[in-house]
Every structure is written in structure tokens, then in C-alpha cells.
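The block underneath contains the structure these notes are about, expressed in C-alpha cells.
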Amino acid sequence: MRGLKTTLVDFSICHYKLVLLGMGLLALLAAAFLPLAVMDTDPENMLETNEPARVFHNGTKRDFALSDVIVVGVINDHDPDGVFNPETLAHIYELTEFARTLRWPSEEDPGQSAGVIEADVVAPSVVDHMSQGGPGVIRFDWLMPEPPTTRAEAHAVRDRALSNPLLAGHMVSDDGKALCIYLPLTDKLVSYRVYTALQERIAELDGAEAYHIAGLPVAEAAIGVEMFSQMATASPLAMVAILTLLLLFFRKWVLIVVPMIIATVSILAAMGLMIALGFPVHILSSMLPIFLMSIAMVDSVHVLSEFFDVYTPEKGRRQTIKEVMNTLFVPMLYTSLTTAAGFLSLTLAPIPPARIFGAFLCIGVMIAWLYTILFVPAYIMLVPERLLRRFGLSAQQGERQTWLTRVLRALGGLTHKHAKLVLAGLAVVIVLAIWGVTQIRVNDNYARRFVVGHPIRDADIALNEHFRSIYTAYVVLEGQAPGKPTRSDIDRLEQDLVRHAGQMAGEYPQAPALAKQLTGDLARLAGTGETYDGFLATVIESIQTRSIHASDEAFEAWQELEGFFALEREKLKTFKRPDVLEYVAGLQAHMEQAGFVGRSQSVADVVRKVNQELIDGRPENYRIPAAVPGVAECYMQYQQSHRPHDLWHLVTPDFQRATVWMQFANGDSQSTKAAVKALDDYLRTHTPPVPLQHNWAGLHYINLVLEGRLVWGFLWSFFGSFLVVFVMMSFLFRSPLWGLLCMAPLTVTLIAIYGATGLIGKDYDLPIAVLSALSIGMAVDFAIHFLQRSRVSYQRTGSWKATLPKMFGEPARAISRNVLVIAIGFLPLLTAPLVPYKTTGLMLFAILTFSGVVTLLALPAVLTVAEGVFFAKIERPAAVPAEQPQAASQV
Amino acid sequence: MKMSLFIAVLSLGMSLASIAAADSNGLTVEEIVQKANHMALYQGRDGTGKVTMVITDRQGRTRQRQFNMLRKDDGDADQDQKYYVFFQRPADVRKMVFMVHKHAALTQDDDRWLYMPGLDLVKRIAASDKRTSFVGSDFLYEDISGRNPAEDTHEMVRMTDDYYVIRNVPKQPKTVEFAYYLAHIDRATLLPRKLEYFTKGDRLYRVVESSEIQSITAKENGKTVTYPTVTKSIARDLENGSTSEMTFSRVRYNVGLKESLFTERYLRRPPREAIR
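Residue numbers (the working numbering), protein chains in the order written: chain D, 1 to 891; chain V, 892 to 1167.
In C-alpha cells:
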């Protein structure tokens, strides 16, 4: 250790110009990469790329051609008819006409265009309407071919929309006050362009109705914007706040310039390095600057403060700085290492952006430490001697009676006189807090990342008032193709074939005889294929061979028999089976009626609606047809529309997989969790007619997977962090007992703060989870300082009673200032318009402040009560061994 | 007149007579369009054929359709026509029938019927427009029965060595989803070979192309004649990457289909001509 220390410090003093130049160049080099920063706001990236839930989600998006969608919500609360008045509908029509043309040449893919997928837009003027056109007549129309000119026509549009279960509650709110236009995008990268274009067009409409633009692509783009604004405003604010505090404490610009420089270059280096290595800036890593701001400053403040205390002109600056660095090297190393270790523990978290954040925070802290060691001595060598002299003198003037000094002195007395009471009080806090911790509700909600008043959050709130559901997750149900036919399969098939042939004997007299030819052959053919479907295909081939030279009459009979087998093949397609569709409809009804989802849709709704309209439009015919051909005819008619591809968002073309759109009334991951469990229960207690696999997809579900990571993943990194810091403390104090004592204040603090979040009902979400692990390394610093200096002081005084007043003099003041600098440095995050930033700022302020207070309360109280236990091995007044780590700062 | 229904089906047919006309150089745009329409939709007095359709989506997933078509013209003036479509595949819509009485007059909507054996229903269809998907494919109903030339204005955009390129702009833009379409009409045969549909933003989003033409021999008034017939046609939806290909086989002209086949009572009992 000594070798490293001496080498670094000597090098800095001897080659201070080179050091300054080198540091400057390094910072500039790293900063050069900053403009290359890419914002990553994709919530999917919270999970590993190979995370099964994510892989399945993307596979589902591909297989069902599900796009990212911008939602334009239109709400009219002023008109008694809501949005269904001629003026609002005319605006909606115009806006749709405008929106559907939003296409630009693709930046990603030259030759292609990017923008709104016109064919998949959902709006009144571009969706179909099936209705009765009189007895025996079915009508196919656009739902709203043209904006209506009278109120009556506008009512008709509303009634048409609400008569379609695929549109009611989705495109049109049940109360008719609100309507959503859905604009699927070829690529979410164009979302900002589409958003801006829509905003401009909406401004021109000048209607009485309110417009809200929502949807995940918009939210993501907005988060990106807010991340920039946070970095551009909160970090400089933090710098101003900290400088103001330092100026208040020290009143010396010459001292304050140094921490500012160190913080700036550390931030530039860490951010630059992260970007240079190709990592995008995520919502977490966008907080790197503000984290490093206060942390990077602390060490240099310690050094300078100590320097000016010790400095005398006789000793000279070279000798003084060597002494100072000798004193502070080890404590600074330890506090930096513990802070870095706390951050590094985030790399144990199962969330990639948290790992990047932790890793580069750790790097940033160590860069700041290195810069402090190298830069501060070099800086001292640059400062004119006369400035040093004046400063040194002023530093000698002794303690002034400030309010801080008085408060701390009283606090010290309290911990000694009422040590047991203080400890009992803390015990009560802990018990309460532990109960609070058990009340914690793990929950994440993407929309609530925006503050109330932000357009995105307002859209969320406004649309929620009118719609049962604006958040979609997909349940993917999958049927399995049956394997080789069994003996009983063949028996059943033979019976059915014979019966079928008998039924058509009137029309095709040869059919029974031909069927008999086949039945003898079925068992043999069954042996040749691997699957039931393959077997049926073989039978059909065999029929075609037999019928090729048949007479007209025989040919027709053969065709009938071929039709029988071909239909058997279609019956194998899971989502053409009436019983399966009934099952899906039942499942949806259960989920809706039990309140797990606000609304759902699937092919069961499509088939029922088409069946109803094909028959006579009466409500009782809103049902699944009894046989496969009926279902197939419904599918066929549904597709004979302007939008044949709509069906493929609900089922795959082989009819083996289907999505059930589960739409939630709120964005809470807790709601999704309850729905997932309810679905599992339903599938377990209600046996489907054929085996069905199920799985969830959709970003809304991804959010739930993320929530699952938040608890155990971060507990793991919390314990990792705790263990590493504990081991380091035990090593520093050469005693596990002291190591444990050192961990006590932050342990109490974290239990108390997390207990408080449980008690006040603040959801345990990503930022809160991250902070638990993160704050250990920062909060432990106060205890390190306190205990280290207590031990040193005890060696001089020989009793805790005599040590205590000294501790509540300068050391306590130093710790208090340290607490204030770091804690207040995070408060500017409260100005950011995203809730996770506010949470982080407030939580860190609370954790650091509380931890500082607990350090000054609990540690002296414990040492008062258990002096014998802790100081038994500490040497009474005697010479301090040369290499014993020395007192920490003299801030 | 003397044209094939399958050409008609695809709007891509052409007659020998019109080849001569095209060569004569004296054709106006309207004449080219009229002749192309005539060739595309009205060869022969009637016709039958078997259609296999393969619909392939962007991901390469395919679906098949198979149906027989019967066509009969009313008179020789390229006016009204009757169509009868009998489905064979997929097996679960087997025996479904789609029948149309097409009216050339713009003021008169086509009469359409649908027979669905699975639901045991015969329905008449009233539709606001003809630009809906034909059996879930990328072909539209209007691709099958032909778009009436009177619905568009026509303008020669350019003349290449092989094609007249004609720009067709709808007279009533609100009734269609395209802003205009370009028809590439073969100068030699007057067969439309390619139709390109553009959005209002001038973006090409849909292409219908004839990729195979065969000469079909038939009897006309006792003489042997040859009808160039489109036997393979492809519709591409460029927006979602879906493609539909129709292949025609067993094409026969002037088979003498009875008028009565194209009536409601044959929906539930398809004629033999439709089955085999």
C-alpha cells in the first residue's frame, strides 16, 4: 500500500504539469464520445435479450404481425353526445385521413418507407361494418364512410360501433364520450415524427374535444426527451447546490474549485467511457452524472480541508501535501472502495441496464479517487504560496460557535446520558419498520413514470376515465397436432365414413360401395405416416388415384368421400373447432366477469359476431356455430372485407395458435400478476377440449416479468453488497465485531426507509429496488469516519466518556457536512419530470440523511453501553503504530 | 364478342382482334382502354375453369383455395355478365357458392349471392363498394369481376416499345382506397400485363400482374379460334408483404352454359359443370 501511495503522490508532485495535462486530455478524449450517445428507452431492454419471456414476446409480435401502436384518444365531455356529434366526427375523419398518409423514406432501410401502417389503422372511417340489409340480405360497409352531417347520423355511427364487440370498449368508449384512433407503426423509431405531425394537425382542428396522444412508442420517445432534460438540468443544479454548501462551509473559492474540476472530469470520463464502449444511455445510467457529482467531490474536500489545517509556511506545500496524503490515503481508499463495491453489486442484478449503471458508477468512483490522489497534490503545487499562507492562518482560528456545533454537542450529551433510551427508541423504529417492510407492495407501472401534468400521464388518466382497458397483454394459446392415429381413431373414422356414405347414398348411389373399398385400407395407410394429418393426406392421395379414370358418377362420389377426409383434416386445426372456441369464449367471460381484465377479444368474438350477422343479426345468434364448416364460413366472410389481414392478429394461418387480447384498466404489474394467476387457475380447473399450451406476451406482461426480477434479483445484489462492505470493514478495523457495528447504522436506515415506503404505500418499483443495493456503499462512509476516529481518539484519552465530547466536536461536524453535501446533491432530481428520478432523489436524500443521523445517535450509544466489549482490545494511551490507518477527514 | 373469362378474372386478357387494332396506331386512349377491357373480361360467350389460389404471407406461411368458375355474358356488347364460383378447398368451405350478376351500368349495383352450406344459409350481399378482399386473398372482388372503365378517367402516361402505360384516376375518389393506378397494356396484344396502385401519397402499395398467358383453343360460330388467356396472375400487397397467386387450369370457352345455372335455386344444388 505504501509503495503505491508514495509512487502516486510523488509522481503527482514532481510532474504536476504532466499530470494536469494528462488528466485534461483524458477527460477531453472521453468527452469526445458524448455526442455519440444513444438513448435506450425500450422497456424490453430491462430484460436480457435471451430472456425466455422476451424471446416469446418478440416471436408473438412476429407471428401475429403485432405492431407498436400510437393511440390518439379523442374525448368530448362538453357535448351530450360525446364525440358522436357531426363536428367532432368530422375532425376525427380529417385526422384519420391525415394520419394514414404519414409515411417517410425509411432511414434504416433505404428504398422502404416508414410510418403509419395504413392497412392496420383503426378508426371509424377505416373499419368495416357488417349489418342486416333487409330480410335475407347482409350488408358490408365502412363503419363511417363519410363524416355525418346530422346528429341522427352521428348517433347511428355510435350505435354501429357499439354493436361490434371488437370495437366497443376498444375504439369507442361505452359511454360514447371518447374514441381512440389506433395508428400502428412500421417502426417505433418514427414515433416522434408521427407524434409531432399529429400535434400540428390537431392544433389546426380547433375543436371542442380534447386530444391525447398515448401509446408506448410515444411514452418511450418522451422518456428519452426527459432523460436529456434531466441530465441537462438536474446535474448542473446539483453542482450549484453542492458548491453553495461548500462555499457556506469553507468560504474559500480556491478550495471549492478543485472538487468541481474533479467531479466534472470524473463524470466526463465515466460517461464517455460508457458511450465509447457502445452502451446506450438508459434511464438508470442517465443518473450517472448526478451520482458522481457529489460522490466525486467528497474525497477532494477531505484532502483540501486537512491540507489547510496542517499547512504552515515553514513546512512548505510539498511536505504538507505528502503528510496529508499519508494520513488520508487509506480512509479515502476505503470509503471509495466501499462506495464502488456497493455500486458494483448492481452487476449481480438480473436487469442489464442496472448492471451497466452499477459498473460505470463503480468505474466513475474509482476514477474520481484516482483523480483526487493525482490531481489535488498537483493543484496544490500550482496555487501561489501567498494564497496558501492566508488560508492556513484562517484555518487556525479555531472553532466558532455555530448552530451546527451546538446541536451536535447536545446530541453527543444525549447519546451518553440516555444511551439505553436512544437504543430502545431505535429498536422501536426497527420493529415498526420491519412490519412496514412486510407491507411493501411490489409493483411497476410504465405510465406512472410520468408525473401528473405530463401529457403522457394526463392521456393515461383521461383515457382511463372512459375506457375499460387501455393496456394490452396477449395470451397465446396453442393446440398440438395429433400424432400417429390409434386403433380407436381409425375405428371411429371408419364408422363416420360409413355413416357419411350412407347419408349421401340417395344422391351418390356408389358412395357406400366406394367407402367400403377405403375402410379396408385405412389401417394399412395409418401405418405409413407419422402424424394424423399425414395419414389423412395419404388417404386423400389414394382417393385421387382411384378416381382419376372414374366415370362422372363415380368421380362425384369419390369427390364426396375425399371431401369427408379433407374436412377431417380441417377439424384438426385447433381454432376452427367449435368446442375450442366455446372454451376460449368461456375463459374470456370468466376473466372479464371476475374483473381480472376490463375487456378481452379473440377469434371467438369474431366468429360469434360474424355468425350473428350472417344469420339475422339477432343477439341470440351471437354464438359459435355448431360445426367446423360453419366456423370456417364465418372466418371466410370476416376476411371478405376491406381488412382481410385483421384476422391474422388473432390467429395464425394454420389455425393452431391464437391470441386472446387481455386488456387491463390500469398499468399496474400487480393487475397483470393477478390475471396470470387467474388464467392458470381457470385452465387447471376447466379442462380444455384439446390440450392447449398457454403463454403470455405483450409489453404489459414483460413489465410483470421485470417486477419478478425486482425482488429477488435486487435482494441478491443487496446481500452481495452488504457482505462485501462488511468484509472490507472487518478488514479495516481488524475486527468483525467492529465491522458489524459499522454496518449497523445503514442497516437500521434501510429497514426504516423501506419500512416507511411499505407503510405509506409507495410501490416498490425499479428505482426503489436499485437504491437498496446502491446506497449501502455510500451510507457506510459516515460510520467508517465516526468509528475510525473514535478508535484513534480513544487511544489518546483511554475512556469513551472522555472521547465522546471530542467526537461531537470537529469529527461530528465533518460527518454532518459530508452528509449534507451528498444528500442535498441528489435533491435536484426532484425537478425532473419523471417519477423514477424524483423517487431516486427523495429516497437517496432520506437514506443518506437518516443514515447520518443514526450514525451519530446509535454508534455513540452502543459504544457507551458496550464500551468494555468494543474497546477491550484497543490499546490505552500509547504510541500509534506507523501503519495503523489514520483518522479520516477533517472536513 | 369473344373473350375469355379468365382473362377477365384477372383483368389481363387480350384478343387477336385487338392486336391488329393496336398495330394500326390510330387508337385513342379511350379506345385502348375499351379494347383492353373487352379483351380482359369478355372473351367468348361463356367459359369454365378451375382456379387454384395460393396466398403467401410475409413470413412465407401459405394458405390454399380451390374453386371452379363459370361465366356467361348477356349479349355481345361487353355489358352485363354472370359469375358462379363453387368452392372446393379448403374442405371446410366446400360447396360454398358465390354468385354475381354484374351490371355494367354505373347506376346499378351488382347482385351478389352467397350460399354457405355449413351454416345452411343463402344470403344476398349488399356492399358499399367492390374493393373488398376476395376470399381473404390479396385479390379484390373488383379484380375478379373487372373494374368498369367508366369509373375512371384515362390518360396515356407514356408508350414504351412494349406497353401503353395508362394512368387511371377514379372519378369518385372516396369510393376507392387508391389515388390512381397505372395499367401497363401490351401494345402487341392489348393485354393488361400489370396494374400498379398508388396511394394519395404517391406510394406504390399494390401490384396485380399476369405472369403466364396461354392460347386456349375454342369453337366460335363453328370456327376454331384461339383466345390468349391469362393462366397465372399474382396480386401483391406491398404494405404487408402478402402475395396471392391464382393459377387457371382446364379453361374452356363457349361451352354453352345455360342461363338457368346462374339462378338462386342452383346455389344449394351446384350444376355438374361447377363440380368437376
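The beta carbon of each residue, even a glycine, is placed where N, CA and C say it ideally should be.
Fair warning: this is a prediction, and the values are worked out from it, not measured in the lab.
Check: Distance between beta carbons of residue 1076 of chain V and residue 968 of chain V, contact taken as under 8 Å; Outcome: The pair is not a contact, with the Cβ atoms about 21 Å apart (cut-off 8 Å).
Check: Classification of residue 720 of chain D by the beta-carbon crowding that lies within 10 angstroms, buried from 16 upward; Outcome: buried
Check: Any 3 or more C-beta pairs closer than 8 Å across the region 641 to 656 of chain D and the region 984 to 998 of chain V; Outcome: no
Check: Members of the region 1107 to 1138 of chain V near chain D, C-beta cut-off 9 Å; Outcome: 1128, 1130, 1131 and 1133
Check: Chain-ordered chain D contacts of residue 1065 of chain V [CB-CB under 9 Å]; Outcome: 145 and 146
Check: Residue 914 of chain V to residue 1145 of chain V span [Cα, whole Å]; Outcome: Low confidence applies to residue 914 of chain V: its pLDDT is 42, below 50, so where it sits in the model is not reliable, and the reading given next is rough at best. Spanning the two alpha carbons is a distance of roughly 28 Å.
Check: DSSP three-state assignment for residue 946 of chain V, whether helix, strand or coil; Outcome: strand
Check: Residue 182 of chain D and residue 221 of chain D closer than 8 Å at C-beta; Outcome: no
Check: Cβ-Cβ distance between residue 162 of chain D and residue 156 of chain D below 8 Å; Outcome: no
Check: Residue 382 of chain D versus D/258, D/147 and D/420, residue with shortest Cα-Cα distance; Outcome: D/258
Check: Cα-Cα separation between residue 952 of chain V and residue 1122 of chain V, rounded to whole angstroms; Outcome: 23 Å
Check: Residue(s) in a DSSP beta bridge with residue 1061 of chain V; Outcome: V/1043
Check: Coarse secondary structure for residue 223 of chain D, derived from DSSP in three states; Outcome: helix
Check: Helix, strand or coil at residue 260 of chain D [DSSP, three-state]; Outcome: helix
Check: Spatially closest choice to residue 1093 of chain V from D/600, D/102 and D/174, by CA coordinates; Outcome: D/102
Check: Partner residues on chain V for residue 896 of chain D, Cβ-Cβ distance less than 8 Å; Outcome: Shown here, chain D extends from 1 to 891; a query on residue 896 of chain D therefore has no answer.
Check: Contiguous beta strand (DSSP E) assignments of at least 3 residues, all confined to the region 647 to 710 of chain D; Outcome: 657 to 664 and 692 to 697
Check: C-beta neighbour in chain D for residue 1061 of chain V, strict 8 Å; Outcome: no
Check: Extent of the continuous alpha helix (DSSP H) to which residue 1034 of chain V belongs; Outcome: 1032 to 1036
Check: Whether residue 283 of chain D touches residue 1012 of chain V by CB criterion (8 Å); Outcome: no
Check: Runs of beta strand (DSSP E) lying entirely within the region 100 to 125 of chain D, each at least 3 residues, in chain order; Outcome: 103 to 105 and 113 to 115
Check: Where residue 1087 of chain V falls: helix, strand or coil (DSSP); Outcome: strand
Check: Boundaries (first-last residue) of the alpha helix (DSSP H) holding residue 528 of chain D; Outcome: From DSSP, residue 528 of chain D is part of no alpha helix (DSSP H); its letter is neither H nor E.
Check: Residue 1090 of chain V: contacting residues in chain D (beta-carbon distance under 9 Å); Outcome: 100, 101, 103 and 118
Check: For residue 827 of chain D and residue 423 of chain D, the rounded distance between their alpha carbons; Outcome: 30 Å
Check: Helix, strand or coil at residue 129 of chain D [DSSP, three-state]; Outcome: strand
Check: Close-in-space but distant-in-sequence residues of the same chain around residue 582 of chain D (CB under 7 Å, 5 per side omitted); Outcome: 624
Check: Beta bridge counterpart(s) of residue 68 of chain D as assigned by DSSP; Outcome: D/185
Check: Close Cβ partners of residue 571 of chain D (< 6 Å) along its chain, the five nearest in sequence each way excluded; Outcome: 628
Check: Boundaries (first-last residue) of the alpha helix (DSSP H) holding residue 600 of chain D; Outcome: No alpha helix (DSSP H) contains residue 600 of chain D, which is instead part of the beta strand (DSSP E) from 599 to 601.
Check: Collapsed DSSP secondary structure at residue 81 of chain D in the structure displayed; Outcome: coil
Check: Same chain, Cβ closer than 7 Å to residue 949 of chain V, five either side skipped, listed in chain order; Outcome: 1131, 1132 and 1133
Check: Any chain D beta carbon closer than 8 Å to residue 971 of chain V; Outcome: no
Check: As assigned by DSSP and simplified to three states, the class of residue 441 of chain D; Outcome: coil
Check: Contact set between residue 271 of chain D and chain V, taken where Cβ atoms lie within less than 7 Å; Outcome: The premise fails here: residue 271 of chain D is roughly 41 Å from chain V at the closest Cβ pair, so nothing lies under 7 Å.
Check: C-beta atoms of residue 675 of chain D and residue 603 of chain D nearer than 8 Å; Outcome: no
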